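Engineer:
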Amino acid sequence: ITAEASNFLDSLGVLPDDIDNTKTKIDLLSLTSSTLVKATSISRANYLKIQFSQKDMNNMPIVYDQDSPMSLIITLPQGSPIVVGANYSHQEVSHDSSTYPLKTSQEAFDELSNNKAYILFAPATDSVSVKKVYLAYYIPKTKASYLLPVVVFEGEGFLAYVPGVKDE
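According to this note's numbering, the sequence shown holds residues 44 to 211 in order.
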């Protein structure tokens, strides 16, 4: 199904060269009260959401706001995929670079603890358990002239970004 999604973008002449097919994500969706929501099982899924991601830059992943800005909604009546929705915003990554001092993971964690983070997902509890911390490049929804290094904090139902460049 990911090949069909790629072929659809290619047929429109908008399939970028920097897509990493190994990172393509498929979500199962169902229609509930005229709204697409995550399906509880494959048997309840009416739609598939195919999300494309860009290749790593300098061995660091590229992250986005909650969902990839390049996605297709597909339905499969009688097994033939039909694209019923699309979200397409691709930002070309510049390979020009500069060197800036980065925050340590402790400095980034302190900012997270002091509510100085962009929290994308948070459980409805007072505490979270961070399981993974890594450096990534962030591409915002609005066009940016450069990639922003961020420290990513992941946990069970939790995702947050802290700007990675030191304030100096």
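Glycine residues also receive a C-beta, built at the ideal position from the N, C-alpha and C atoms. Just so it is clear, the structure is predicted and the values come from calculations on it, not from any experiment.
Can you name the residues that DSSP bridges to GLU197?
Structural biologist: LYS175, LEU202
Engineer: Assuming LEU191 and PRO206 are in contact, meaning their beta carbons sit under 8 Å apart, how far apart are those beta carbons, in whole angstroms?
Structural biologist: 7 Å
Engineer: Which of the three DSSP states, helix, strand or coil, is assigned to ASP110?
Structural biologist: coil
Engineer: Grouping DSSP H, G and I as helix and E and B as strand, with all else coil, what is GLN134?
Structural biologist: Reduced to three states, the DSSP call for GLN134 is coil.
Engineer: According to DSSP, what are the bridge partners of GLY128?
Structural biologist: As a beta-bridge residue in DSSP terms, GLY128 pairs with ILE116.
Engineer: Near ALA58, which residues of its chain fall below 7 Å by C-beta distance, leaving aside the five closest residues on each side in sequence?
Structural biologist: The identity of residue 58 in the sequence shown is Leu, whereas the question assumes Ala. Taken in chain order, the residues that qualify are SER49, LEU52.
Engineer: Hey, could you find the ends of the beta strand (DSSP E) GLN94 is sitting in?
Structural biologist: 90-95
Engineer: Is the CB-CB distance between LEU163 and ALA203 below 8 Å?
Structural biologist: Yes; because the gap between Cβ atoms is below 8 Å, this pair is in contact.
Engineer: For the segment 143-150 and the segment 87-99, state whether three or more C-beta atom pairs, one from each stretch, are separated by less than 8 Å.
Structural biologist: Output reads no: the segment 87-99 does not touch the segment 143-150.
Engineer: Report the rounded CA-to-CA distance for VAL80 versus ILE69, giving the unit in angstroms.
Structural biologist: 13 Å
Engineer: I'd like the list of long-range same chain contacts for ASP61, defined as Cβ closer than 6 Å, with 5 residues on each side in sequence excluded.
Structural biologist: GLN97, LYS98
Engineer: Which of the three DSSP states is assigned to LYS66 in this structure?
Structural biologist: helix
Engineer: Whose C-beta lies closer than 6 Å to the C-beta of ILE125 among residues of the same chain, with five residues either side of it excluded?
Structural biologist: Excluding sequence neighbours, ILE125 sits near THR118.
Engineer: Shortest alpha-carbon distance to VAL106 belongs to which of PHE196, ASN158, ASP210, VAL208?
Structural biologist: PHE196
Engineer: For GLY200, I'd like the list of residues in its chain whose CB is within less than 7 Å of its CB, leaving aside the five on either flank, ordered along the chain.
Structural biologist: Only PHE164, PRO166 meet the Cβ criterion.
Engineer: Determine the DSSP secondary structure at LEU155, reduced to helix, strand or coil.
Structural biologist: helix
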